[in-house]
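Single-structure report; data block below.
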Amino acid sequence: SQKIEQNSEALNIQEGKTATLTCNYTNYSPAYLQWYRQDPGRGPVFLLLIRENEKEKRKERLKVTFDTTLKQSLFHITASQPADSATYLCALAEGGSYIPTFGRGTSLIVHP
Amino acid sequence: DAGVIQSPRHEVTEMGQEVTLRCKPISGHNSLFWYRQTMMRGLELLIYFNNNVPIDDSGMPEDRFSAKMPNASFSTLKIQPSEPRDSAVYFCASSSGTGGSPLHFGNGTRLTVT
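Quick note, the sequences are listed as chains L and H, same order.
Following the numbering used here from start to finish, the first sequence increments by one per residue and tops out at 117.
Following the numbering used here from start to finish, the second sequence increments by one per residue and tops out at 145.
Given below as structure tokens:
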């Protein structure tokens, strides 16, 4: 069966460190993968997209990698801040449908 | 742009009652999605519209659920009759529809069925 797995345990890190979140998938051939941020009581907000033929994407303090051999994406936040505390969701879509399917998200807590 | 607007923000109803959730997508977006989020199952796609036409409703749990998009600026999700297991946060999202376009989510409707 198809699965998208994100660590269900919260990630606790100290301010200034790099946070790394993982998204693993099985039985998918994604055309692209997206990362979203969700704050309590709000809808997810899009952060970054990476396509199947790309290895890495950066945007300010954010970096995403995509390894279609390992079937894994890593999401990095450098110089993390307490304001980065939120739940981060990965979503992938296969060619043809382009309908995103979401992982359950990982909670990030950045301590001052 | 005001973003995707959903109403109501909260809905509390009794089992057996009809519930209607509403969504106004971003102007110019031609794709609309309804998702449901629970702690147990995360974000699940219920239905996807493209140019106001339902394309994929395989996620609609059962016949008690129905969705319409009468025009490009309005969609409804109806549950009749509602059951306690329908309690969740329901999100509407819109996008420009091209592959990889980000989804823009509303802030959801928190539904509680007692």
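Yeah, the Cβ is synthetic: ideal placement off N, Cα and C, and Gly gets one too.
A quick note: this is a predicted structure, and the numbers were derived from the prediction, not measured.
Within the DSSP secondary-structure output, Lys8 of chain L pairs in a beta bridge with L:Thr31.
Nearest in C-alpha terms to Ile18 of chain L, of all of L:Ile104, L:Glu65 and L:Ala84, is L:Ala84. Inter-residue distance for Trp40 of chain L and Leu63 of chain H is about 19 Å (C-alpha atoms, whole angstroms). H:Thr140 is the residue among H:Leu134, H:Glu93 and H:Thr140 whose C-alpha sits nearest the C-alpha of Arg53 of chain H. Pro115 of chain H sits in a helix when the DSSP states are folded into three classes.
Bounds of the beta strand (DSSP E) holding Lys99 of chain H are Phe96 to Asn102.
Under DSSP, no beta-bridge partner is assigned to Thr74 of chain L. Along the segment 81–104 of chain L, the positions whose C-beta sits under 9 Å from a C-beta of chain H are Leu94, Ala96, Ala98, Gly100, Ser102, Tyr103 and Ile104, read in chain order. Put simply, the backbone Cα of Lys68 of chain L is about 43 Å away from that of Asp94 of chain H.
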